[in-house]
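Chemist:
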């Protein structure tokens, strides 16, 4: 059955942030092949005269754009960045409500699908109530683990999840957080783990990849792919690597973010300039080259939902060292796949990296963990949930 879906989220790529919400884009591409899909991605309003500031690219995002064949609307909403964050949800709702009225009038969607609990999840539930649409909210990790740390946002997120028709979670651990901390009924939450792109994440010859990337073939190389934000624990990783550095050992960190300047200073301070490469952001389709060139992948996060980078490493046949947090134990469900360490503990992380580099790993066993978990399979599960919600809402109580 073909579904007419309104997808609304702030976590989605634009022409200046090509990797933002890339996993939501993967599901959107699959949905667009099977269903009628309208995509709305509210972005913060920024006057054009602030175009030279770090957030100035927001002013340059077109109101409508084509992202990999998907037509995307980018309406503006008013917020004061990093101030009164509990008001971001109401601000978003009042800023874009008229836009949603026009979209719903013209496109006549059957259901509203949102990803990210706040601020847009909150606004999506209000929109759905006003226009009498069923609404499904997908939660990804930090929207529950981080945004709920303040009282008012926690109350608003709890209200959002209790007032939508169904909640999606990427892991059992994240579902438990919603149930235990936000008083959400477990029957209201469905777990759908993320998928992988098997067409680009597959094993390749390590030495060939190192030659392509200009890396030493005899080095021991660990790679970390993560946003440079406090929750990702990159500072813990740098301190851990300082404990085990030696000639012929290299750490490659791929990602950008607010912590970049601080991490560069920390690398200099610890004398790691020759041992740690901070490469910044890379296009998503280049990430498999770096993972295949490495001996293992590291994820030192302080909190997580369902870190896809671990799945991508497995798909390339690479072991991982990751913090025992969130959905990580659900992904690393065997010692044959990797090593888990205590979050925030540089000494334990150093031990894990040392052990990971010393062990012999079976790439076929590792790859088998994720084979078949494509985005097409994930989208099948998502569509099943949407269809069930539609059926419930159409059946008289």
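Numbering (the numbering used here), first residue to last: 6 to 402. The C-beta atom is built at its ideal place from N, Cα and C for all residues, glycine as well. Since this is a predicted model, take the numbers as computed values, not measurements.
(1) Taking only three categories from DSSP, how would you classify residue 329?
(2) Taking the alpha carbon of residue 383 as the point to measure from, which residue in 399, 33 and 87 has its own alpha carbon closest?
(3) Who are the near neighbours of residue 206 in its chain, counting only those whose CB is closer than 6 Å to its CB and skipping five residues on each side?
(4) Find the nearest neighbour of residue 127 within the set 364, 311 and 97, judged by alpha-carbon distance.
(5) Counting along the chain, where does the alpha helix (DSSP H) carrying residue 270 start and finish?
(6) Between which two residues does the alpha helix (DSSP H) holding residue 123 run?
(7) With a Cβ-Cβ cutoff of 7 Å, do residue 308 and residue 199 count as a contact?
(8) Cα-Cα, which of 46, 305, 41 and 66 is closest to residue 53?
(9) How would you label residue 363, buried or exposed, when you count the other beta carbons within 10 angstroms and need 16 or more for buried?
(10) Just to confirm, are residue 162 and residue 153 a CB contact at a threshold of 7 Å?
(11) Are the beta-carbon atoms belonging to residue 323 and residue 342 less than 7 Å from one another?
(12) Spatial neighbours of residue 169 within its chain, please: C-beta separation below 7 Å, excluding the five flanking residues on both sides.
(13) Per the contact definition of three or more C-beta pairs closer than 8 Å, is the region 9-18 in contact with the region 111-126?
(14) Run through the region 89-124 for me and flag every whole alpha helix (DSSP H) of 4 or more residues, listed as ranges in chain order.
(15) Where does the unbroken alpha helix (DSSP H) through residue 244 begin, and where does it stop?
(16) So, for residue 392: in the same chain, excluding its five sequence neighbours on each side, which residues have a beta-carbon less than 8 Å away from its beta-carbon?
(17) If we count the other Cβ atoms within 10 Å of its Cβ and call it buried at 16 or more, is residue 397 buried or exposed?
(18) Under the assumption that residue 166 contacts residue 183 (Cβ atoms under 8 Å), give the Cβ distance between them as a whole number of angstroms.
(19) Pull up the distance between the alpha-carbon of residue 82 and that of residue 148, whole angstroms please.
(20) Please check the pair residue 43 and residue 11, which I expect to be a contact at CB under 8 Å, by giving their CB distance rounded to whole angstroms.
(21) May I ask you to report which of helix, strand or coil DSSP gives residue 147?
(22) Within the continuous alpha helix (DSSP H) that includes residue 310, where are the two ends?
(23) What does the Cβ neighbour count give for residue 111, buried or exposed, with the cut at 16 atoms within 10 Å?
(24) Can you tell me whether residue 106 is buried or exposed? The criterion is at least 16 other CB atoms within 10 Å of its CB, across all chains shown.
(25) Can you tell me where the alpha helix (DSSP H) with residue 221 in it begins and where it stops?
(26) Less than 8 Å between the CB atoms is what I'm expecting for residue 220 and residue 298, so what's the real figure, rounded?
(27) Can you tell me where the alpha helix (DSSP H) holding residue 292 begins and where it ends?
(28) Can you check whether the CB of residue 80 is closer than 7 Å to the CB of residue 47?
(29) In the structure shown, what three-state DSSP assignment does residue 376 receive?
(30) Where does residue 6 fall in DSSP's three states?
(31) Considering just the uninterrupted stretch of the beta strand (DSSP E) at residue 76, what are its terminal residues?
(32) Can you name the residues that DSSP bridges to residue 334?
(33) Can you list, in chain order, the residues of its chain with a C-beta nearer than 8 Å to that of residue 253? Leave out the 5 residues immediately preceding and following it.
(34) Let me check understanding here. Comparing Cα to Cα, which of 249, 278, 228 and 248 lies closest to residue 260?
Modeler: Well, looking at it:
(1) Residue state, collapsed to three classes: coil.
(2) Distance check between residue 383 and each of 399, 33 and 87 places 33 closest, using alpha-carbon atoms only.
(3) Here the set comprises 293, 317, 320 and 321.
(4) Ranking the options by Cα distance to residue 127, first place goes to 97.
(5) Residue 270 -> alpha helix (DSSP H) spans 265-274.
(6) According to the DSSP assignment, residue 123 belongs to no alpha helix (DSSP H), since it is labelled neither H nor E.
(7) No.
(8) Taking only the C-alpha atoms, the option nearest residue 53 is 66.
(9) Its Cβ having fewer than 16 others within 10 Å, residue 363 is exposed.
(10) Contact flag set, yes.
(11) Annotated as distal: residue 323 and residue 342, with beta-carbon spacing of 7 Å or more.
(12) If we look at residue 169 and ignore the five residues flanking it on each side, its Cβ neighbours are 130, 140, 141 and 142.
(13) With three or more CB-CB distances shorter than 8 Å, the region 111-126 counts as touching the region 9-18.
(14) Fully enclosed alpha helix (DSSP H) runs of 4 or longer: 93-112.
(15) That run of the alpha helix (DSSP H) goes 239-249.
(16) 6 and 8.
(17) Exposed, because fewer than 16 other Cβ atoms sit within 10 Å of the Cβ of residue 397.
(18) About 6 Å separates the two Cβ atoms, so the contact holds.
(19) Straight-line Cα distance between these residues: approximately 19 Å.
(20) That pair is a contact at about 5 Å.
(21) In the displayed model, residue 147 falls within a helix according to three-state DSSP.
(22) From DSSP, residue 310 is part of no alpha helix (DSSP H); its letter is neither H nor E.
(23) By the Cβ neighbour-count rule, residue 111 is exposed, with fewer than 16 other Cβ atoms within 10 Å of its own.
(24) Residue 106 is classed as exposed because its beta carbon has fewer than 16 other beta carbons within 10 Å across all chains shown.
(25) No alpha helix (DSSP H) holds residue 221; DSSP gives it neither H nor E.
(26) For residue 220 against residue 298, the beta-carbon gap comes to about 6 Å, under 8 Å, which counts as contact.
(27) For residue 292, the enclosing alpha helix (DSSP H) covers residues 292-298.
(28) Against a cut-off of 7 Å, the Cβ pair of residue 80 and residue 47 comes out as a contact.
(29) Coil, per DSSP.
(30) In this structure, residue 6 counts as coil in the three-state DSSP scheme.
(31) Where residue 76 is concerned, the enclosing beta strand (DSSP E) stretches over 75-78.
(32) Residue pairing from DSSP leaves residue 334 without any beta-bridge partner.
(33) Within the same chain, residue 253 has close Cβ partners 221, 223, 224 and 225.
(34) From the listed residues 249, 278, 228 and 248, the smallest Cα separation to residue 260 is found for 228.
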